[in-house]
Ligand code: F6R
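In this note's numbering, the protein residues as written are 24 to 637.
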C-alpha cells in the first residue's frame, strides 16, 4: 500500500527521498511522486505513473534541489493509477503540497463544499480534497499550517497518514496519522518520515510512533512537537529500534522472497530465542505467564486475521483445541468486524498480523476490545498499531519481511501459536508433562529439519518447470495440513497468477473432483498423520481420474509415493509441527513456477504488502 517518506535537515532531500521510496517499493504501488522546496522559495511537485525508476528518470534535468521534501508511492484507491492521481497533490494556489496514505471517507461532501467556494480539482482522489480543505481552513481562519491541519482533520472521517509542506514555510513539515502507519525518525538536526522504519534506519534508529489523531510539527533547529486534534501537547518518548540495514537488503539473492524462504531456520531460531530452553525442554512466554489466569478462565478463544496470517490462525485452532481444550473460533477479520459478533466476558481475541497495520485486523481488534475481550496479539512489526493496541502478546521476531508473498511470517506465527498452545495446555493440565516435553524437545530440533528441507530446492525447481503449462492447481491437506494446503494455493496464485484452490482432502469428492483430468496438477500435503490412511484413499481417488499428483510426504513414505507423479520427502516430526516443514516445499514451488514464468516475484501485480485500507 501507499508509502510515505519525508525529510527536513541540512542535506539535499531528493536522494534521501528517492532511496526511501525504493526501500518502500515492497509495499506495492502503481505511481510515485515527490515535492521539494528549493532555496528560491519554489515548491516543485514531480509525479508519474509507474515505478520509482520512472520518477527518477522524469526528474532528470528538473530542479530537484532543496533540503526539505516529501515523497510518496501510491496504491490506487480513488481514481485509476495515472500521473494526475499520483501524489503529492497541490492545493488550489499551489502553495501547499500533501501526501497521504489511507482513505478519506467523507471526501465527497467536503469536495462539494469546496466547489461551492470556487475550488477546482485536477484529480479523482480523496487526497486532493484534503489538501484543498487545509488551504481553505488556513486562509479562512488565518491559521498556521500546523493549526490548519489540526482543524481540518477534525472534520475528516476515515484513515490517514499525511505529510504536508508549504511554500512560505521552508523550515517545517507537518505530519499526522489516524489508522494508517507513520513513523518519525529523529537524527542530528534532521527529521525523517516513513510509513515504516525501512526508509529511516540508514540514518537513525531513534524514532517516535505517533498515535491516532496526533499531528506533529518537525521544525528545523527545534524539538519535535506533537499535538492531538484538540491542540493539547502530547509527550512521546523516543524509542530506539533494532533494525539493521542488511535485514532489508537482498544479500545476493535474486528476490527477497527466496532470501526470506531460506531465512526461516534463522527466523524461527530468533522467534524461540529466550523463550525455549532446549536443555530443560521448557517454554517461557512472558505474555502467557503474566496472563495465565485469563486463559484459565477463557470460555472461548477467537482468532482473527487476513490472508496468510489467517491460515496460521487456522492451525492455531487445531493447536488450542488439541492441547488446551478451549473452543476456538477463527474468522477473517473483514467478516468478523462487520458481523455484529457475539463477544462474551472472558473471551480472548488473538489478532495475528505480520505488519501489525492491516486495517481489517486492526478494526476487528478494536471492536472486540470495546466489547470487553482480552486481546493477545501475535505480530511481527514491533511498535505497529496492532502491537500497541493489544493487552498483551508475543512478537514473532521474524525480522523484516519485504517480499509481498508472506513466508517467514507464516512459519514464525505458527511457531508462536505452538509455543502458546503447549505452554497453556501444560498450565491448564490438559497437556500431560511427558507429551509437553516430547513436543518441546522436537521443537528444539525443528530448525535443523527446516535446513534439511531447504536441500529440496533444486528438486522442486525441476518439478516446477514441468507445471508452468497449468492454468489451475488444486491443493489438498487434512488436519494440521489443511491450512497448509490453503497457504500453498494462496502463494501460487499471488505470484504466478495461476488459479489455485486449497481444500480439505476429503471435501474433494463433494465437488472439486469434477475438475480432475490428466492435465490437473494436485498437490497433496500428506506427511505422517493420525489419519494418513484416509489421505491415501483420497489420493487413490485422484489417481483413478488421472490427476497429476505432487505429494509432500514424510521420508520413508510408501503408500502415497507409489501413486504420486512427483514425491517431495520432508523429515519426520510431530504431527502438530509438520506445517513448519510442509509449507516450505510449497513456498519453493510457487517461487520457482513464478520465476520460470517471468513474474515479478517480489512485487506481484495488484498486491500490496501492508493492506492499510479495508
Ligand atoms: C500473503 C500475504 C497476505 C497477508 C495479509 C495479512 O502472502 O502476504 O495475504 O498475509 O495481507 O497481512 P498481515 O499479516 O500483515 O496482517
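Positions of the beta carbon are idealized from the N, C-alpha and C atoms, including for glycine. As the structure is a prediction and not an experimental result, all values here were calculated from the model.
When the five nearest sequence neighbours on each side are left out, no beta carbon in the same chain lies closer than 8 Å to the beta carbon of residue 533.
Straight-line spacing of the CA atoms in residue 259 and residue 238 works out to 12 Å.
At least 7 Å separates the beta-carbon of residue 620 from that of residue 481. Residue pairing by DSSP places residue 92 opposite 30 and 59 in a beta bridge. Looking at the DSSP output, residue 352 bridges to 325. If you draw a 10 Å sphere on the C-beta of residue 84, you find fewer than 16 other C-beta atoms in it, and that means exposed. Counting C-beta atoms within 10 angstroms of its own C-beta, residue 51 has 16 or more neighbours from the protein chains shown and is therefore classed as buried. The continuous alpha helix (DSSP H) containing residue 443 extends over residues 431-451. In the structure shown, residue 334 falls within a helical segment according to DSSP collapsed to helix, strand and coil.
By alpha-carbon distance to residue 156, the top candidate from 541, 178, 67 and 183 is 178. Taking C-beta separations shorter than 8 Å and ignoring five residues to either side along the sequence, the partners of residue 588 in its chain run 571, 572 and 573, following chain order. A direct Cα-to-Cα measurement between residue 357 and residue 634 gives close to 12 Å. Contact between residue 268 and residue 434 is absent: CB atoms are separated by about 24 Å, not below the 8 Å threshold. A straight line joining the alpha-carbon of residue 399 with that of residue 376 spans about 12 Å.
Between the alpha carbons of residue 367 and residue 396 lies a gap of roughly 7 Å.
Contact check between the stretch 445-456 and the stretch 313-325: three or more CB pairs, one atom from each, fall below 8 Å, which counts as touching. In the structure shown, residue 192 adopts extended strand secondary structure according to DSSP, grouped into three states. In this structure residue 567 is exposed. Its beta-carbon is surrounded by fewer than 16 other beta-carbon atoms within 10 angstroms. Sixteen is the threshold: since fewer than 16 other Cβ atoms of the shown chains lie within 10 Å of the Cβ of residue 464, the residue is exposed. A contact between stretches requires three or more CB pairs, one per stretch, nearer than 8 Å, and the stretch 55-70 meets this requirement with the stretch 93-104. If you check the CB distance, residue 511 and residue 283 do not come in under 7 Å.
Rounded to whole angstroms, the Cβ separation of residue 387 and residue 637 is 10 Å, and the two are not in contact under 8 Å. Rounded to whole angstroms, the gap between the alpha carbons of residue 47 and residue 176 is 26 Å. When the alpha-carbon of residue 524 is set against those of 537, 538 and 509, the nearest one is in 509. With fewer than 16 other Cβ atoms from the protein chains shown falling within 10 Å of its own Cβ, residue 563 counts as exposed. Buried is the label assigned to residue 200, since at least 16 other Cβ atoms lie within 10 Å of its Cβ.
Nearest C-alpha to residue 221 among 569, 27 and 559: 27.
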